[in-house]
Amino acid sequence: MYDYVIVGAGSAGCVLAARLSEDPDVSVLLLEAGPPDVNQNVHVPLGYLSLARTEVDWDYNSAPEPNCDGRRISLPRGKVLGGSSSTNAMIYIRGNRRDYDDWNAPGWSWDDLFPYFLKAEDNERGASEWHAVGGPLPVSDQRSANAISPAFVEAAVEAGLPRNEDFNGAEQDGVGMYQLTQRGGLRASAAVSYLHPAGERPNLTVMPYMHVNRIIFEGKRAVGVEASQLGQAQELRAEREVILCGGAYNSPKLLMLSGVGPAEHLAMREIELLLDQPAVGENLGDHPATYTVFTTPEPESLLLALEPAAMAEFEASQTGPFASNLAESGGFARVGAGAEAPDVQFHFAPIHIVEEGMGDPQAHGVWVSPCLLTAESRGSVRLASNDPTAKPIIRNAFYDAEADMSRMIDAVRLAEEICAQASLEPYCAEPFTVPDDDSDDALRAHIARTTYEIYHPVGTCAIGSVVDSELRVEGLESLRVVDASVMPTVPRGNTNAPTIAVAERAADLIRHGKALAAGELAAQA
Ligand SMILES: Cc1cc2nc3c(=O)[nH]c(=O)nc-3n(C[C@H](O)[C@H](O)[C@H](O)COP(=O)(O)OP(=O)(O)OC[C@H]3O[C@@H](n4cnc5c(N)ncnc54)[C@H](O)[C@@H]3O)c2cc1C
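What follows is the structure in structure tokens.
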């Protein structure tokens with residue numbers, strides 16, 4: 271029997287486990303389906319390229335996407351201590367004030383969350399109006415960016431975009447080098463930053479390899495979970511609360527396996543209904559992304575990582591290609607007429623991507639990837655069966671809204687314009703994966719061929735429809751969801767820092783029954 275049972279040791283779960291166990295009078299159990307984070311490729315930044323489809327990845331795919339040539343799009347998700355923060359690209363972005371204000375959710379506006387971004391942060395640039403030091407989450411400038419990455423920034427400036435030294439400062443628009451959740455050239459996952467420092471606490475128990483199958487209810491009250499470890503099923507009881515932190519695919523999956531979801535769907539899967547909740551698994555939002563790839567004669571790209579000197583350099587000083595997060599530069603732009611904030615984000619990587627990233631690069635090259643920040647299309651997560659080990663059916667429904675396709679066409683045109691500028695043109699010498707020509711039809715075909723999911727699923731247990739503004743599942747007791755799934759829409763940017771801020775605030779809601787005022791947080795710091 272524990273006070274709190276937390277399901278999933280990802281970005282949110284690690285924050286909650288660490289924050290709730292600060293109170294020595296409560297006991298916290300953290301359950302994780304994946305292994306401990308002992309794989310070196312989790313910690314060596316560039317190593318994450320080798321993690322897809324291994325034991326630390328859920329290895330999900332979308333259902334065939336009708337507007338993407340019927341392709342099943344790869345949907346990687348971390349399955350390891352640290353969750354997706356152990357397998358992600360480490361880019362530190364908070365999003366735009368407007369994102370949170372537009373949620374219209376009491377307690378989750380930008381002004382409510384900003385103090386929690388600061389509470390989490392330890393930025394090596396120091397404290398300022400926009401940044402903080404002393405929090406658990408290291409944020410660093412790149413130690414040794416590849417020589418080609420700044421060329422994207424220069425080219426985008428030549429194309430008319432503003433330069434931006436800090437996407438998390440006064441303005442989000444513009445291009446620059448990304449700051450990363452790294453320290454000393456190593457990945458700073460939520461496990462490294464929050465969980466491991468709390469690991470010795472006697473009131474915190476962490477169980478890896480523990481796959482939660484369903485939530486146990488007494489009436490409408492969650493009292494624990496049923497989980498399997500090495501094929502052995504067991505019940506783990508929660509005195510106060512069960513908290514789902516399984517992420518935007520697996521939290522709705524667990525609710526549905528436990529009888530909470532759309533009644534008709536659960537009946538089809540022969541699951542006994544506890545609560546008819548049609549919104550569970552609906553409203554899946556994400557950032558659809560596309561890319562162009564060029565082969566370059568300049569022998570400077572991250573292909574250099576294949577040379578023995580690269581590993582020697584990393585071992586000696588944690589610099590060089592292995593310290594790279596791949597998507598080193600990029601930025602934010604507006605392509606929609608009258609857009610009130612950025613609607614496109616660029617990720618630029620000095621690497622020749624083949625076979626959607628699953629093949630080994632054979633040549634030097636560059637990859638330019640625009641993604642849509644404010645897509646209107648919404649997908650869903652549904653059960654394939656009532657077997658807890660079955661993969662869910664995930665529909666992104668990319669470009670169901672025609673407006674998304676036309677904005678993506680504009681985004682690809684902007685990407686091409688940047689590639690044609692003097693600073694980048696030498697690296698874009700030979701087209702490898704590019705549109706056939708510049709017509710709308712050719713761009714549409716290119717987008718259908720190359721669209722991928724840039725790893726930011728949210729919305730499937732949204733505040734205001736599945737959970738209330740304190741993240742309690744509506745209609746049930748002692749059950750919360752705290753992870754990216756509660757965000758009603760996806761923020762403009764990468765979603766790790768926003769998930770951590772949501773979890774930081776949720777920890778205060780759970781511990782103190784209220785979020786703390788900025789002054790109280792400052793006093794804590
Ligand atoms: C390849 C990739 C690159 C990305 N790049 C970036 C980036 O550069 N910057 C950025 O900000 N964001 C990035 N993201 C997104 C970011 O990492 C996620 O938004 C964030 O980690 C989501 O946190 P979460 O807590 O909601 O879920 P997760 O971190 O995915 O955690 C969920 C955890 O729950 C566990 N779990 C799930 N189901 C069960 C179960 N039934 N039983 C037990 N445990 C379970 C999982 O194994 C996992 O550990 C990336 C993501 C990926 C996959």
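Residue numbers are given in the working numbering: position 364 of the sequence shown equals residue 634, and the series is strictly consecutive. Glycine residues also receive a C-beta, built at the ideal position from the N, C-alpha and C atoms. The model shown is predicted, which means the values in this text are computed figures rather than measured ones.
For the segment 671–701, the full-length alpha helix (DSSP H) segments reaching 4 residues or more read 672–689 along the chain.
Three or more beta-carbon pairs drawn from the segment 451–463 and the segment 304–314 are found closer than 8 Å, and the two stretches are therefore classed as touching.
In this structure, Val-651 lies near Pro-662, with their beta-carbon atoms less than 7 Å apart. Between the C-alpha atoms of Asp-381 and Gly-783 there is a straight-line separation of about 19 Å. In the three-state reduction of the DSSP assignment, Gly-280 falls in the coil class, being assigned neither a helical nor a strand state. With a cut-off of 8 Å on Cβ pairs, the segment 511–525 is in contact with the segment 744–755, counting three or more such pairs.
Annotation note: the segment 449–494 contains the following uninterrupted beta strand (DSSP E) runs of length 3 or greater, listed N- to C-terminal: 474–477, 480–488.
Distance from Glu-335 to Phe-668 at the Cβ level is roughly 6 Å; contact confirmed, criterion being Cβ atoms closer than 8 Å. Counted as a single uninterrupted DSSP element, the beta strand (DSSP E) harbouring Trp-637 occupies residues 635–642. Contact annotation: the segment 494–507 does not touch the segment 322–331, with fewer than three C-beta pairs closer than 8 Å.
For Val-296, same chain residues with a beta-carbon under 8 Å away, outside a window of 5 residues either side, are Asp-273, Tyr-274, Leu-290, Asn-473, Arg-510 in chain order.
Not one heavy atom of ligand 1 lies closer than 6 Å to the C-beta of Met-757. Assignment of beta-bridge partners to Val-530 by DSSP yields Leu-545. The C-beta separation of Asn-337 from Ala-718 comes to about 6 Å, placing the pair in contact by the 8 Å criterion. Judged by DSSP in its simplified three-state form, Ile-780 adopts helix. The same chain holds no residue with a CB closer than 6 Å to that of Glu-470 once the five nearest residues on each side in sequence are set aside. For Gly-304, there is no enclosing beta strand (DSSP E), as DSSP marks it with neither H nor E. Between the alpha carbons of Ala-533 and Pro-548 lies a distance of about 7 Å.
Taken through DSSP and simplified to helix, strand or coil, Arg-367 comes out as helix. The three-state secondary structure of Pro-408, taken from DSSP, is strand. Here Thr-566 is not bridged, per DSSP, to any residue.
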